[in-house]
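For reference, the structure is listed below as C-alpha cells.
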Amino acid sequence: MSYYNDYSVLDKPDILQFTFHPRKEVRRGPHNSTDYFIPMGDEVSICCRFYVHSHSSPSILFFHGNGEVASDYDDIAPIYNQRGINLFVTDYRGYGLSGGTPTFTNMVGDASNIFEAFLDILRRENYTGDIFIMGRSLGSICAIELAFHCQEQVKGLIIESGLASILGLLTHLGFATDFLDIKDNTFPNATKMRSITLPTLLIHGEYDSFIPISEARELFKNAAAIRKQLIIINGANHNNIIAVDMERYFTAIEQFIIETE
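For the sequence shown, position 64 (counting from the first letter as 1) is numbered 63 according to this note's numbering, and the numbering increases by one without interruption.
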C-alpha cells in the first residue's frame, strides 16, 4: 500500500507559523564534525552536521524537533560518539545554515534527497557501519516516512517524542482543523508503522504535554516490527527528556543498536 501523501494541504500560513520555528545559527562545530550542504535541486541547500566516532561505527541519520537546529547537538553528539555511534543531524529549510522556507511538503520531500545524499557520503568516504534512522518530535514524520519507503537500506528505526497523527497533534494543541476539510487519517504515521518491519525503538517522556504519551503508545501498538520496544522516561516532559534520565535514554539507544547489528 502506498502512503505518498499530499502534504500541501497543510502548507497554509497559519499552520506553518504554528508548526515551524526556524532560526539561523552560525556556530562552528566540534573538531570531529563536518558540515555538508546538500542541494535540493531548486537552488536551496540543506546543511547537515556529521559527528563522527569512527568509519566502522554505526551511523544515525537524525531529524530534529521544530524548535531546534543541527548545531544544538554539538553538546549532545559527543555522548553518542562516546557510545560508539556516528550522528548525522539534518536541518530543515530556513533552519541553521540552510536556505529556503520550511513547509510540510518540502520537509518530507527533502528528507528523501537527504537520505540519498547521506548514503552517498557513507559510500564515498568509506563508512562501513550499519545505518539507523531517528526522528525527534516533528522529525518523526520524516523518519517514519523514510523507514516506510526505504527499510531495506537501514537496520532500525528510533523515534523519540514522536507523533502518531499530524492532525491529532494540531487538534490536541488547540489548532482548529475543521476548515482543512481532510480526514483524520490523511497523514497516518501510526498506519505507516503497520508496514514497517524494521526493529523499532520508541522513547517518550512520561509527562510530555506537547506530544502526549498516548501518541507513543499508538505508534508502538501499530508497529509491525517483531522486535520493538517502548521506553518511557519517568518524570520527563517534551524538552527535558534527556536531562531527566540521560543514562537510561542513551543506554536504550546503544543497546538497541548493539542488539540490532
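Just so you know, even glycine gets a beta-carbon here, dropped at the ideal spot from N, CA and C.
All values derive from a computational prediction rather than experimental measurement.
Going by C-alpha to C-alpha distance, which of the options sits closest to residue i?
i, options, result
"Ala-163", "Tyr-126, Asp-41, Glu-217", "Glu-217"
"Phe-209", "Phe-131, Thr-18, Phe-49", "Thr-18"
"Ile-202", "Phe-255, Gly-128, Asn-112", "Phe-255"
"Ile-232", "Ala-222, Asp-244, Phe-219", "Asp-244"
"Leu-229", "Asn-239, Glu-246, Gly-204, Asn-238", "Gly-204"
"Thr-170", "Met-133, Tyr-6, Ile-157, Pro-211", "Pro-211"
"Ala-69", "Ser-32, Glu-42, Ile-84, Phe-249", "Ser-32"
"Thr-127", "Ile-59, Thr-100, Ser-136", "Ile-59"
"Glu-159", "Pro-29, Met-106, Asn-236, Asp-74", "Asn-236"
"Leu-156", "Pro-29, Gly-134, Asp-71", "Gly-134"
"Thr-259", "Asn-238, Thr-196, Asp-207, Ala-215", "Thr-196"
"Glu-42", "Phe-117, Leu-172, Ala-251, Asp-109", "Asp-109"
"His-30", "Gly-83, Asp-13, Asp-73", "Asp-73"
"Leu-20", "Glu-214, His-63, Ser-44, Ile-45", "Reading the sequence as shown, one finds His at residue 20 and not Leu. Selected option, being the one with the closest Cα: His-63."
"Asn-65", "Glu-115, Asn-238, Ile-37, Gly-167", "Asn-238"
"Pro-12", "Leu-179, Lys-220, Leu-200", "Leu-179"
"Phe-114", "Ile-37, Glu-246, Ser-213", "Ile-37"
"Val-153", "Ile-132, Leu-166, Ile-165", "Ile-132"
Residues in its own chain within less than 6 Å of residue i by CB, not counting five upstream and five downstream?
i, result
"Ile-143", "Asn-188, Lys-191"
"Tyr-35", "Cys-47"
"Leu-9", "Phe-103"
"Arg-226", "Pro-198"
"Ile-240", "Gly-204, Ile-232"
"Val-107", "Tyr-6, Glu-144"
"Tyr-248", "Ile-241"
"Gly-83", "His-52, Ser-56"
"Ala-116", "Ile-37"
If you run the structure through DSSP and keep just helix, strand and coil, what is residue i?
i, result
"Asn-85", "strand"
"Ala-251", "helix"
"Lys-23", "strand"
"Asp-207", "coil"
"Arg-92", "coil"
"Lys-220", "helix"
"Asp-34", "strand"
"Tyr-126", "coil"
"Leu-162", "coil"
"Ile-231", "strand"
"Ile-14", "helix"
"Pro-77", "helix"
"Met-106", "helix"
"Leu-9", "helix"
When we look at the beta-carbon of residue i and count the other beta-carbons within 10 Å, is it buried (16 or more) or exposed?
i, result
"Lys-261", "A question about residue 261 goes unanswered here, because the residues of the chain that appear run from 0 up to 260."
"Arg-27", "exposed"
"Ala-175", "exposed"
"Ile-257", "exposed"
"Thr-89", "buried"
"Ser-136", "buried"
"Pro-101", "buried"
"Glu-67", "buried"
"Ala-223", "exposed"
"Glu-151", "exposed"
"Ser-1", "Note that Ser-1 scores 40 on pLDDT, short of 50, meaning its location in the model is unreliable and no value can be drawn from it."
Residues in the same chain with beta-carbon distance under 8 Å from residue i, minus the five sequence neighbours each way, listed in chain order, please.
i, result
"Gly-40", "Asn-112"
"Asn-85", "Phe-49, Tyr-50, Val-51, His-52, Ser-53, Ser-56, Pro-57, Ser-58, Ile-59, Tyr-79, Tyr-126, Gly-128"
So does residue i have its beta carbon nearer than 6 Å to some heavy atom of the ligand GTP?
i, result
"Ala-175", "As far as ligands go, the structure on display features none, and thus does not contain the ligand GTP."
For residue i, decide whether its Cβ has a neighbour in chain B, counting only Cβ atoms nearer than 7 Å.
i, result
"Asp-10", "Among the chains of the structure shown, chain B does not appear; only one protein chain is present."
- Message: With three or more beta-carbon pairs closer than 8 Å as the criterion, would you say the segment 90-99 touches the segment 116-124?
- Response: no
- Task: Would you be able to state if there are at least three C-beta pairs under 8 Å between the segment 68-84 and the segment 44-60?
- Result: yes
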